[in-house]
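This report concerns only the one structure given below.
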Amino acid sequence: MNNLTDRVGLGWRPDLAAGILEHLDGIDLLEVIADDFFSAPRRQVRALKTLAAQIPVVLHGVSLGLASSSSVETKRLDQMARLMEEVSPEFWSEHLAFVRAGGIEIGHLAAPPRCSATVDAAAANLHRAQAAVGAKPLVENIATLIDPPASTLSESDWIAGILSSSNCGLLLDLHNVLANGLNHGYDPFEFVRQIPPERIAAIHIAGGKFISAPDGTQRLLDDHFHDVPDPVFDLLEETAARASGPLTVILERDGDYPSMDSLLAQIAQARRALAKGRQRRMQPVEAVA
Amino acid sequence: MSSIQLEAFLARLYVDSDARANFKANPRAEAKKAGLSEDQCTALEKLDWIGLEMAARSFAKKRQLKRRPSWFAAFQLRLSRLRFLRFLQ
Numbered sequence: 055m056n057n058l059t060d061r062v063g064l065g066w067r068p069d070l071a072a073g074i075l076e077h078l079d080g081i082d083l084l085e086v087i088a089d090d091f092f093s094a095p096r097r098q099v100r101a102l103k104t105l106a107a108q109i110p111v112v113l114h115g116v117s118l119g120l121a122s123s124s125s126v127e128t129k130r131l132d133q134m135a136r137l138m139e140e141v142s143p144e145f146w147s148e149h150l151a152f153v154r155a156g157g158i159e160i161g162h163l164a165a166p167p168r169c170s171a172t173v174d175a176a177a178a179n180l181h182r183a184q185a186a187v188g189a190k191p192l193v194e195n196i197a198t199l200i201d202p203p204a205s206t207l208s209e210s211d212w213i214a215g216i217l218s219s220s221n222c223g224l225l226l227d228l229h230n231v232l233a234n235g236l237n238h239g240y241d242p243f244e245f246v247r248q249i250p251p252e253r254i255a256a257i258h259i260a261g262g263k264f265i266s267a268p269d270g271t272q273r274l275l276d277d278h279f280h281d282v283p284d285p286v287f288d289l290l291e292e293t294a295a296r297a298s299g300p301l302t303v304i305l306e307r308d309g310d311y312p313s314m315d316s317l318l319a320q321i322a323q324a325r326r327a328l329a330k331g332r333q334r335r336m337q338p339v340e341a342v343a
Numbered sequence: 005m006s007s008i009q010l011e012a013f014l015a016r017l018y019v020d021s022d023a024r025a026n027f028k029a030n031p032r033a034e035a036k037k038a039g040l041s042e043d044q045c046t047a048l049e050k051l052d053w054i055g056l057e058m059a060a061r062s063f064a065k066k067r068q069l070k071r072r073p074s075w076f077a078a079f080q081l082r083l084s085r086l087r088f089l090r091f092l093q
């Protein structure tokens with residue numbers, strides 16, 4: 055145990071509902087996909103409120119496109135604001151991505167060019183989001199199979215720039231860091247060291263799989279269909295050794311669901327990694343470096 | 005030239021295989037036709053082509069999953085939602 059009250063929870067998925075509700079004592083909190091409830095019937099939103107009364111809940115958005123160069127749509131911000139008001143989660147989060155442009159829905163999270171223009175655009179969207187929703191979101195780094203063209207900033211500098219301009223906290227997705235590091239040739243541990251540690255408030259852990267590229271090389275796809283690999287737990291320990299505030303860790307799983315025992319074992323492993331990192335943090339600086 | 009136009013150009017490449025083929029055949033001309041700046045055209049000529057194809061494939065899969073959940077997946081989802089609602093009553 056550490057004295058920073060770190061917590062480890064699980065992403066709420068309908069397929070996991072029964073297992074989660076049977077094991078609430080082993081899960082510190084739940085992360086709910088907000089977009090699933092934007093057009094949901096009233097009774098489902100009531101059920102979510104009942105759930106939030108039993109266990110801490112946080113909301114996670116997937117379609118706002120906060121790092122888009124275009125202004126985030128008011129209608130979508132209003133939907134998030136309404137849900138926030140009804141559920142009263144501990145916090146909400148969204149991705150640093152664009153998901154639509156020029157009238158085209160991409161269908162998933164895409165990385166914008168990393169440059170000063172998109173730092174400014176993301177900061178403007180985050181200020182609008184705060185004004186509409188009433189609270190700043192934590193912002194999450196995304197995985198990308200393509201290195202975004204016309205980028206003039208490194209990923210860590212780009213994220214740090216947005217955090218600084220918007221004064222938001224970071225939801226650091228460690229599998230995304232691992233995937234981008236492997237796919238685009240940088241050291242994931244060095245990346246974690248470049249992120250301002252005081253900004254890291256929450257963490258995602260997940261698994262993915264290697265897919266073959268047409269040239270025979272392989273890239274890591276962040277599909278959330280696999281168990282959390284060891285390097286992600288190592289990155290979690292490294293993050294815990296550096297972060298100055300309490301951390302909220304969420305295990306994400308979106309398919310090929312394993313048994314609850316397996317998910318609880320991964321939660322337990324995350325707690326061990328956090329504890330090891332925090333222990334390192336207590337040691338003198340020379341020993342940590 | 006703005007990042008808005010560049011993002012719109014990228015979005016088109018991600019979802020439209022014909023646009024990708026045209027772009028691959030003549031990157032600079034296609035980027036110029038979209039009104040992108042000289043710097044952006046130059047950057048797009050050095051595009052991560054393999055990453056573009058892989059990303060486009062991954063996005064297409066995501067769109068397909070959102071559009072057409074199989075009847076079994078939809079049934080499972082309803083069933084687990086029902087269980088959840090009953091549990092809370």
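Protein chains in written order, with the working numbering: chain A, 55 to 343; chain B, 5 to 93.
Where is the CB? At the ideal position from N, CA and C, for every residue including glycine.
Being a predicted model, the structure only gives us computed values, none of them experimental.
**OP:** For the region 147 to 225 of chain A, list the beta strand (DSSP E) runs that are entirely contained and at least 3 residues long, ordered along the chain.
**Re:** Every unbroken stretch of the beta strand (DSSP E) spanning 3 or more residues and falling wholly within the region 147 to 225 of chain A is given here in chain order: 152 to 155, 158 to 164 and 192 to 194.
Subject >> Any chain B beta carbon closer than 9 Å to alanine 343 (chain A) >> reply: Residue numbering aside, residue 343 (chain A) sits at position 289 when the first sequence is read from its first letter. A caution first: alanine 343 (chain A) carries a pLDDT of 48, below 50, which makes its placement in the model too unreliable to give a value.
**OP:** Apply the 10 Å Cβ neighbour rule to methionine 336 (chain A) and answer buried if 16 or more other Cβ atoms are within range, or exposed otherwise.
**Re:** Mapped onto the first sequence, residue 336 (chain A) falls at position 282. Classification of methionine 336 (chain A): exposed, given that the 10 Å Cβ count is below 16.
**OP:** Look at the alpha carbon of serine 1 (chain B) and the alpha carbon of leucine 56 (chain B), and state the distance between them as a whole number of angstroms.
**Re:** Because chain B is modelled from 5 through 93, residue 1 (chain B) falls outside the range shown and cannot be assessed.
**OP:** Determine, using beta carbons only, whether proline 242 (chain A) and leucine 290 (chain A) come nearer to each other than 9 Å.
**Re:** As a first step, residue 242 (chain A) is located in the first sequence; it is residue number 188 there, counting from the start. As a first step, residue 290 (chain A) is located in the first sequence; it is residue number 236 there, counting from the start. Contact annotation: proline 242 (chain A) and leucine 290 (chain A) have beta-carbon atoms that are not nearer than 9 Å.
Subject >> Exposed unless 16 or more other CB atoms sit within 10 angstroms - verdict on alanine 33 (chain B) >> reply: Along the second sequence, one-based indexing puts residue 33 (chain B) at 29. When all chains shown are included, alanine 33 (chain B) counts as exposed.
**OP:** Just the chain A side, please: which residues come within less than 7 Å of aspartate 52 (chain B) by C-beta, in chain order?
**Re:** Counted from its first residue, the second sequence places residue 52 (chain B) at position 48. Here the neighbours are Ile200 and Asp201.
Original post:
Since proline 312 (chain A) meets chain B, which of its residues come closer than 8 Å, beta carbon to beta carbon?
Top reply: The sequence position of residue 312 (chain A) within the first sequence is 258, counting from 1. Correct list: empty, because the minimum Cβ distance to chain B is about 16 Å.
Original post:
DSSP three-state call for glutamate 306 (chain A): helix, strand or coil?
Top reply: Looking up residue 306 (chain A) in the first sequence gives position 252. Here glutamate 306 (chain A) sits in coil by DSSP.
Subject >> Interface partners of phenylalanine 152 (chain A) on chain B, CB under 9 Å >> reply: Start at 1 with the first residue of the first sequence, and residue 152 (chain A) comes out as number 98. Chain-ordered, the chain B residues with CB closer than 9 Å to the CB of phenylalanine 152 (chain A) read Glu11, Leu14 and Ala15.
Original post:
Since phenylalanine 264 (chain A) sits in a beta bridge, which residues does DSSP pair it with?
Top reply: Residue mapping note: residue 264 (chain A) aligns to position 210 of the first sequence, counting from 1. Phenylalanine 264 (chain A) pairs with A:Leu274.
Original post:
Can a CB atom of chain A be found closer than 9 Å to the CB of aspartate 22 (chain B)?
Top reply: In the second sequence, counting from the first residue as 1, residue 22 (chain B) sits at position 18. Interface annotation, aspartate 22 (chain B): not in contact with chain A, CB-CB separation never under 9 Å.
Subject >> Sequence-distant residues of the same chain with beta carbon closer than 7 Å to arginine 253 (chain A), five excluded per side >> reply: Here residue 253 (chain A) refers to the residue found at position 199 of the first sequence. Within the same chain, arginine 253 (chain A) has close Cβ partners Leu217, Gly223 and Leu224.
Subject >> Rounded straight-line distance, which links the Cα of threonine 293 (chain A) to that of proline 95 (chain A) >> reply: Within the first sequence, the letter at position 41 stands for residue 95 (chain A). Within the first sequence, the letter at position 239 stands for residue 293 (chain A). Taking C-alpha positions only, proline 95 (chain A) is separated from threonine 293 (chain A) by approximately 39 Å.
Original post:
Within the 9 Å Cβ cut-off, does lysine 70 (chain B) reach chain A?
Top reply: For the purposes of this step, residue 70 (chain B) is taken as residue 66 along the second sequence, with counting starting at 1. At least one CB of chain A lies nearer than 9 Å to the CB of lysine 70 (chain B).
Original post:
Counting only beta-carbon atoms, is threonine 302 (chain A) nearer than 9 Å to chain B?
Top reply: As a first step, residue 302 (chain A) must be located in the first sequence, where it is residue number 248. Interface with chain B (9 Å Cβ-Cβ cutoff): threonine 302 (chain A) is excluded.
Original post:
According to the Cβ coordinates, are alanine 12 (chain B) and alanine 47 (chain B) closer than 9 Å?
Top reply: Residue numbering aside, residue 12 (chain B) sits at position 8 when the second sequence is read from its first letter. Residue numbering aside, residue 47 (chain B) sits at position 43 when the second sequence is read from its first letter. Contact: no.
**OP:** Over the uninterrupted beta strand (DSSP E) stretch that includes glutamate 85 (chain A), give me the two end residues.
**Re:** On the first sequence, residue 85 (chain A) is found 31 positions in, with the first residue counted as 1. That run of the beta strand (DSSP E) goes 84 to 87.
Subject >> Between the CA atoms of proline 250 (chain A) and alanine 343 (chain A) - distance to the nearest angstrom >> reply: Taking the first sequence and counting its residues from 1, the one referred to as residue 343 (chain A) is at position 289. Taking the first sequence and counting its residues from 1, the one referred to as residue 250 (chain A) is at position 196. Its pLDDT being 48, under 50, alanine 343 (chain A) is placed unreliably in this model, and the value from its coordinates should be taken loosely. Those two C-alpha atoms are separated by around 15 Å.
**OP:** Could you check if leucine 102 (chain A) is buried or exposed, using at least 16 other CB atoms within 10 Å of its CB as the buried criterion?
**Re:** Working through the first sequence from its first residue, we reach residue 102 (chain A) at position 48. Buried, since its Cβ has 16 or more Cβ neighbours within 10 Å.
Subject >> Three or more C-beta pairs below 8 Å linking the region 133 to 141 of chain A and the region 150 to 166 of chain A >> reply: As far as the Cβ criterion goes, the region 133 to 141 of chain A does not touch the region 150 to 166 of chain A, which means the pair count is below three.
Original post:
Are there 16 or more other CB atoms within 10 angstroms of the CB of threonine 271 (chain A), so buried, or fewer, so exposed?
Top reply: Taking the first sequence and counting its residues from 1, one reaches residue 271 (chain A) at position 217. The residue is exposed, with fewer than 16 neighbouring Cβ atoms inside 10 Å.
**OP:** Please report how far the alpha carbon of alanine 186 (chain A) lies from the alpha carbon of proline 203 (chain A), in whole angstroms.
**Re:** Mapped onto the first sequence, residue 186 (chain A) falls at position 132. Mapped onto the first sequence, residue 203 (chain A) falls at position 149. Separation of alanine 186 (chain A) and proline 203 (chain A) (C-alpha to C-alpha, rounded to the nearest whole angstrom) is 31 Å.
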